[in-house]
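>
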Amino acid sequence: MASSQSVSAMGRGNADLRRCVLCSHGGSCGMWRRGTCGFAHSLGELLPPREVERSYPGVWKDGVDRWYGQHVAKQQRDRIVGYINNAKSWEVPVWAQAFRWFYLDLDIDILPELGWDFGISQDVDALLRCRRSDRRPFDWAIREDGMRLWELLRRRRDALEARAAAFTLPSRITGR
Ligand SMILES: [Zn+2]
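Note that the numbering used here gives residue 83 to position 59 of the sequence shown, counting from 1, and the numbers run on in steps of one.
1. Taking a cut-off of 7 Å, which residues have a beta-carbon closer than that to any heavy atom of ligand 1, in chain order?
2. PHE162 CB to nearest chain B CB: under 8 Å?
3. Cβ-heavy atom distance between PRO161 and ligand 3 below 7 Å?
4. Using the three-state DSSP reduction, which class does TYR107 fall into: helix, strand or coil?
5. DSSP three-state call for LEU128: helix, strand or coil?
6. For MET25, does the count of other Cβ atoms within 10 angstroms reach 16, so buried, or fall short, so exposed?
7. Within 10 angstroms of its Cβ, does ARG90 collect 16 or more other Cβ (buried), or is it exposed?
8. Can you give me the C-alpha to C-alpha distance between ALA189 and VAL105, rounded to a whole angstrom?
9. For the putative contact between LEU67 and TYR107, defined by C-beta atoms under 8 Å, what is the C-beta separation to the nearest angstrom?
10. According to the Cβ coordinates, are ALA183 and ASP133 closer than 8 Å?
11. Are the region 111–128 and the region 151–162 touching, with three or more C-beta to C-beta distances below 8 Å?
12. DSSP three-state label for TRP164, please.
13. Does the count of Cβ pairs from the region 159–179 and the region 79–88 closer than 8 Å reach three?
14. Which term fits VAL96, buried or exposed, when burial requires 16 or more other beta carbons within 10 angstroms of its beta carbon?
15. Keeping to the same chain, check which residues put their C-beta closer than 7 Å to that of HIS65; ignore five residues upstream and five downstream.
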C-alpha cells in the first residue's frame, strides 16, 4: 500500500520526507520529545517533501498533509481534520482553513479576508519553483459529491464579488 510505504519511509528517517505527515501520537509522542520522530506534531510544522534533487511522486498520493489543493485520501483527511479540531484558532494556518472549507463543505463565503482562493494558487506557484521538476506533482482535489476544488473556488469568488456589490450603496442615494 502506498500509504504504509510513504509512512514507513518517513519512519525510517528519510530527511527529504521529514514532517510531511502528521504524527498519529500527537503532542504525547515520546519520540518527538527525544527528537527522533520524523512526523509533524502541529499543522504549522508541516512541510512539503524536499524534491530539489529527486522527486517522490508516490508520496503525493497520501503522504503530504500540508494541503496545496491536492486530492486527499479519506484516512489522511481524517488525520488532518483531527489536528484542526484539536488546534486553537490561532494555530490553524490559512491552508488548513481552506482544507476545512472545501472538505467539510462550509459556507461558500466564510473568511473573505483569507482571499477568494485562500492563497492556494500562490502556494502552488512557490512550490513549483522549488522542485527538481516544475510539473505539479498531484491531482486537484475532488469531493465525494463530485465537487472540484477550482469549480468551488470560482463560485466563492463570484459569491464574494456579489456580496461586495450588494454592500455598495446605490448612487441614487449617495450620488448627487
Ligand atoms: Zn511523533
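Cβ atoms here follow ideal geometry from the backbone N, Cα and C, with glycine treated the same way.
Let's see:
1. Result: CYS47, HIS49, CYS53, MET55, TRP56, CYS61, PHE63, HIS65.
2. In summary, chain B is missing from the structure at hand, where a single protein chain is found.
3. Within the structure as shown, ligand 3 is missing, the only ligands being ligand 1.
4. TYR107: helix per DSSP, three-state reduction.
5. LEU128: coil per DSSP, three-state reduction.
6. Low confidence applies here, because MET25 scores a pLDDT of 35, under 50, leaving its location unreliable; read the following figure in that light. MET25 should be labelled exposed.
7. Flag for ARG90 reads buried.
8. A straight-line Cα-Cα distance of about 34 Å links ALA189 and VAL105.
9. Rounded, the Cβ-Cβ distance is 6 Å, consistent with contact.
10. Yes.
11. The region 111–128, when compared against the region 151–162, does not touch it at the 8 Å Cβ threshold.
12. In the structure shown, TRP164 sits in a strand (DSSP, three-state: E or B).
13. Touching, per the Cβ criterion.
14. Burial state of VAL96 is buried, judged by a 10 Å Cβ sphere holding 16 or more other Cβ atoms.
15. Closer than 7 Å at the Cβ level, and outside the excluded window around HIS65, lie CYS47, GLY50, GLY51, CYS53, TRP56.
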